[in-house]
Amino acid sequence: MASSKAFLLQECHNVRDVLDETLRYKYGGEGSKDFYEECLIRLDSTKAGIEQTPDQDHDQLTAFSIQLRRLTYLIARIERSSIGEYSWPFVEELKEMAASICAEVTLTHDRTLPKIHVLSEGGLRYAIDPEQSRPSASRRKILTIVLPRTLKHFVLLHSILGHEIGHAIWAHAKHQNRLKQIRDAHLSRSGSVLETPDATAARMFDSNVPFMVRQSLMSKGAKQGDFFTRTADWDAWIEELLCDLIGLLTFGPSYVAAACHLLLAIDPTGMKYGPDHPPVAWRLNMLLDASSILGLDVVSSSHSPTDEAAQAFWSELKTKRNIDSWCDVIDRPALKDALSELSLLLNDHPPAPYPLGADTLLPGLIADLKNLVPPVGFSIADDDSLRCPTIDFRHILYAGWIQGHSNTIGQKDLNRLCEHAIMQQRALKMFTALPA
């Protein structure tokens, strides 16, 4: 029987064979070369460590076994991230946002971008899974974006990934202290529902708690005194709310619409909560208040039909608000201060913040959609020259949501037109970056 060390060395050869096979896959425009090289660096370091470890050092061999297992898991995920499994134009834009704010200082560069790959899964799960810490034998972190397989071309719903960017920021060591300060100073300020786990538990067990929540607490046998030690994670709840605000500040109105549609599709009551997630109604009420504070719910385009369509879109979203005051856990002054501080953080990492200037673009983009044309703002000037303005993909998404409210275009066609518009804008961006 082979020794543990011999088995691990054989496993290194097996992993190398699997890694070589990944070269046949295509992961976005840049291909698989970078993934291969990053994984190979980690594999070679692990193999060298095993070779230098005595057969009797079981603790160290176990540690290397764990490293190999993590590497094989990573390679398996990469194998599932074929370019045909997701909306690559949207993802390429998302990569630019995530890479900018998740860059880190390494020995080779003071701004090392993470390597990002994408995979699709069953269900309705959207996620960004960052490595919590970069392995010592590596050049950079690897960031995994997860999209639902059935919704791969529904780019309007992909705006929910703004929330997942929040989780990626939260997991990044260089941002954690600042986010904690924002949380403590504003979301959890003195006297608030979110000040402490005890204060939040008191809201969950309030005498005016909605019946469905009370029923859920009773069915779970939850107790106020140990609610956040046995039933839920208070820190995770606060992180979720903070990430919702980051989603709003990165994707704007499209994030609010995607959150309302997806969260209420999973929980139409808005009263469900989980170990890591506060009640849906808390989140949506907060987002609608935050949108009002930022002025996103008012469109002044100097084009009456556009303004009316935008007003109808926002009016529908506001019907998703739960009128029970139990669902309001952050007051507007605290929310305004939190948004201001988060905006300062995001503004340091373009293109992360949602760009201003949507109002003047919306009439043309919506007109394109009504004519079943990808909304890219293309026009012909009086001198017959072609005008192809650069339009941020989040403005395209906003136009898509507004037009979608009218129900004059099927959702599949509407998303396809917006996806094509994002692809065309990617092409313009790449063309203008070419040397003259």
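If you read the sequence shown in the numbering used here, its first letter stands for residue 1341, the second for the next number, and so on. The C-beta atom is built at its ideal place from N, Cα and C for all residues, glycine as well.
> Cβ atoms of SER1440 and HIS1689: under 8 Å apart, would you say?
Replying inline: Against the sequence shown, residue 1689 aligns to sequence position 349. Against the sequence shown, residue 1440 aligns to sequence position 100. Taking C-beta atoms as the reference points, HIS1689 and SER1440 count as a pair closer than 8 Å.
>> Taking the straight line between their C-alpha atoms, what separation do you get for PHE1733 and ARG1672?
In response: Here residue 1733 corresponds to residue number 393 of the sequence shown, with the count starting at 1. Here residue 1672 corresponds to residue number 332 of the sequence shown, with the count starting at 1. Going from the Cα of PHE1733 to the Cα of ARG1672 covers about 29 Å.
> Is VAL1596 closer than 8 Å to ILE1762 when the C-beta atoms are compared?
Replying inline: Taking the sequence shown and counting its residues from 1, the one referred to as residue 1762 is at position 422. Taking the sequence shown and counting its residues from 1, the one referred to as residue 1596 is at position 256. Not in contact: ILE1762 and VAL1596 (Cβ atoms no closer than 8 Å).
>> Tell me the rounded alpha-carbon separation between CYS1728 and TRP1622.
In response: Within the sequence shown, numbered from 1, the residue matching residue 1728 stands at position 388. Within the sequence shown, numbered from 1, the residue matching residue 1622 stands at position 282. Spanning the two alpha carbons is a distance of roughly 42 Å.
> Do three or more CB pairs link the segment 1689–1708 to the segment 1630–1644 at distances below 8 Å?
Replying inline: Short answer: they touch.
>> Quick check: what's the CA-CA separation for ILE1742 versus GLU1681?
In response: The residue you call residue 1742 lines up with position 402 of the sequence shown. The residue you call residue 1681 lines up with position 341 of the sequence shown. If I take the Cα positions, the gap works out to 29 Å.
>> Tell me whether the segment 1503–1517 and the segment 1600–1615 touch, counting them as touching only if at least three CB pairs, one residue from each stretch, are closer than 8 Å.
In response: Short answer: they don't touch.
>> Restricting to Cα atoms, I'd like to know which of ASN1711, THR1402, LEU1602 and LEU1348 is closest to LYS1387.
In response: Residue 1387 sits at position 47 when you count from the first residue of the sequence shown. The residue with the shortest Cα to Cα distance from LYS1387 is LEU1348.
> Measuring CA to CA, which of LEU1582, GLN1555, VAL1533 and GLY1531 is closest to GLN1521?
Replying inline: If you number the sequence shown from 1, residue 1521 lands on position 181. Closest option to GLN1521, Cα to Cα, is LEU1582.
> Alpha carbon to alpha carbon, how far is ILE1749 from VAL1713?
Replying inline: Here residue 1749 refers to the residue found at position 409 of the sequence shown. Here residue 1713 refers to the residue found at position 373 of the sequence shown. Using only the alpha carbons, I get a separation of about 12 Å.
>> So, for ASP1538: in the same chain, excluding its five sequence neighbours on each side, which residues have a beta-carbon less than 6 Å away from its beta-carbon?
In response: To locate residue 1538, count along the sequence shown from 1; it is residue 198. Within the same chain, ASP1538 has no close Cβ partners at all.
> With DSSP run on the structure shown, which of helix, strand or coil describes LEU1534?
Replying inline: As a first step, residue 1534 must be located in the sequence shown, where it is residue number 194. Here LEU1534 sits in coil by DSSP.
>> Taking 8 Å as the threshold (C-beta atoms), are SER1427 and GLU1759 in contact?
In response: The residue labelled residue 1759 in the question sits at position 419 within the sequence shown. The residue labelled residue 1427 in the question sits at position 87 within the sequence shown. Contact flag set, yes.
> What number of angstroms, rounded off, separates the C-alpha of ASP1668 from the C-alpha of ASN1625?
Replying inline: Here the question's residue 1668 lines up with position 328 in the sequence shown. Here the question's residue 1625 lines up with position 285 in the sequence shown. In this structure, the straight-line span from the alpha carbon of ASP1668 to that of ASN1625 is close to 6 Å.
> CA-CA distance, CYS1442 and PRO1691?
Replying inline: What you label residue 1442 is simply residue 102 of the sequence shown in a count that begins at 1. What you label residue 1691 is simply residue 351 of the sequence shown in a count that begins at 1. Straight-line Cα distance between these residues: approximately 12 Å.
> Would you report the Cα separation of ILE1423 and ILE1509, rounded to the nearest angstrom?
Replying inline: What you label residue 1423 is simply residue 83 of the sequence shown in a count that begins at 1. What you label residue 1509 is simply residue 169 of the sequence shown in a count that begins at 1. With a pLDDT of only 48 at ILE1423, under 50, the local geometry of the prediction cannot be trusted, and the value read off the model is given with reservation. Across the structure, ILE1423 and ILE1509 are spaced so that their CA atoms are roughly 25 Å apart.
>> I believe LEU1628 touches LYS1658 by the beta-carbon criterion, under 8 Å. Please report the beta-carbon distance rounded to the nearest angstrom.
In response: By 1-based counting over the sequence shown, the position of residue 1628 is 288. By 1-based counting over the sequence shown, the position of residue 1658 is 318. Confirmed, Cβ separation roughly 6 Å.
> DSSP puts ILE1762 in a beta bridge; with which residues?
Replying inline: To locate residue 1762, count along the sequence shown from 1; it is residue 422. Partner(s): none; ILE1762 has no beta bridge.
> Are the beta-carbon atoms of ILE1500 and LEU1602 separated by less than 8 Å?
Replying inline: Within the sequence shown, numbered from 1, the residue matching residue 1500 stands at position 160. Within the sequence shown, numbered from 1, the residue matching residue 1602 stands at position 262. In this structure, LEU1602 lies closer than 8 Å to ILE1500 by Cβ.
> So, helix, strand or coil for ARG1623, using DSSP?
Replying inline: Translated into the one-based positions of the sequence shown, residue 1623 becomes position 283. Looking at ARG1623 - three-state DSSP - the assignment turns out to be helix.
> Is the beta carbon of LEU1411 less than 8 Å from the beta carbon of VAL1355?
Replying inline: Numbered from its first residue, the sequence shown carries residue 1411 at position 71. Numbered from its first residue, the sequence shown carries residue 1355 at position 15. Taking a C-beta distance under 8 Å as the contact criterion, LEU1411 and VAL1355 qualify as a contact pair.
> Would you report the Cα separation of ASP1677 and SER1725, rounded to the nearest angstrom?
Replying inline: Looking up residue 1677 in the sequence shown gives position 337. Looking up residue 1725 in the sequence shown gives position 385. Cα to Cα, ASP1677 sits roughly 46 Å from SER1725.
> Alpha carbon to alpha carbon, what distance is there between VAL1533 and LEU1453?
Replying inline: Reading the sequence shown from its first residue, position 113 is the one you call residue 1453. Reading the sequence shown from its first residue, position 193 is the one you call residue 1533. Taken atom to atom, the span from the alpha-carbon of LEU1453 to that of VAL1533 is near 38 Å.
> Can you name the start and end residues of the alpha helix (DSSP H) that GLU1656 belongs to?
Replying inline: Against the sequence shown, residue 1656 aligns to sequence position 316. First-last of the alpha helix (DSSP H) with GLU1656: 1644–1658.
> According to DSSP, which residues form a beta bridge with PRO1693?
Replying inline: For this step, residue 1693 is matched to residue 353 along the sequence shown. Its beta-bridge partners do not exist; DSSP assigns none.
> What separation, rounded to the nearest whole angstrom, lies between the Cα atoms of GLY1561 and LEU1464?
Replying inline: For the purposes of this step, residue 1561 is taken as the residue at position 221 of the sequence shown. For the purposes of this step, residue 1464 is taken as the residue at position 124 of the sequence shown. Taking the straight line joining both Cα atoms gives about 29 Å.
> Where does HIS1617 sit, in a helix, a strand or coil, going by DSSP?
Replying inline: For the purposes of this step, residue 1617 is taken as residue 277 along the sequence shown, with counting starting at 1. The answer is coil: DSSP assigns HIS1617 none of H, G, I, E or B.
> CB-CB under 6 Å to LEU1705, same chain, minus the five flanking residues each way: which ones, in chain order?
Replying inline: Start at 1 with the first residue of the sequence shown, and residue 1705 comes out as number 365. Within the same chain, LEU1705 has close Cβ partners PRO1715 and ALA1739.
> Who pairs with ARG1727 in a beta bridge, going by DSSP?
Replying inline: The sequence position of residue 1727 within the sequence shown is 387, counting from 1. According to DSSP, ARG1727 bridges with SER1719.
>> Counting C-beta neighbours from all protein chains within 10 Å, is the total for LYS1752 16 or more, i.e. buried, or is it exposed?
In response: Locating residue 1752 in the sequence shown gives position 412, counting from the first residue. Burial state of LYS1752 is exposed, judged by a 10 Å Cβ sphere holding fewer than 16 other Cβ atoms.
>> Need the endpoints of the alpha helix (DSSP H) that ASP1429 sits in, please.
In response: Locating residue 1429 in the sequence shown gives position 89, where the first residue counts as 1. Here residue 1429 is Pro; the residue named in the question, Asp, does not match the sequence. DSSP places PRO1429 in the uninterrupted alpha helix (DSSP H) bounded by 1428–1441.
>> Less than 8 Å between the C-beta atoms of PHE1567 and ALA1598, yes or no?
In response: As a first step, residue 1567 is located in the sequence shown; it is residue number 227 there, counting from the start. As a first step, residue 1598 is located in the sequence shown; it is residue number 258 there, counting from the start. A distance of 8 Å or more separates the beta carbons of PHE1567 and ALA1598.
> Roughly how many whole angstroms lie between the Cα atoms of LYS1455 and HIS1617?
Replying inline: Along the sequence shown, one-based indexing puts residue 1455 at 115. Along the sequence shown, one-based indexing puts residue 1617 at 277. Those two C-alpha atoms are separated by around 28 Å.
> Between ILE1663 and GLY1531, what straight-line distance do the alpha-carbon atoms span, to the nearest angstrom?
Replying inline: Residue 1663 sits at position 323 when you count from the first residue of the sequence shown. Residue 1531 sits at position 191 when you count from the first residue of the sequence shown. If you take the alpha carbons of ILE1663 and GLY1531, they lie about 22 Å apart.
>> Would PRO1619 and VAL1553 be called neighbours here (beta carbons separated by less than 8 Å)?
In response: In the sequence shown, the residue the question calls residue 1619 occupies position 279. In the sequence shown, the residue the question calls residue 1553 occupies position 213. In this structure, VAL1553 lies closer than 8 Å to PRO1619 by Cβ.
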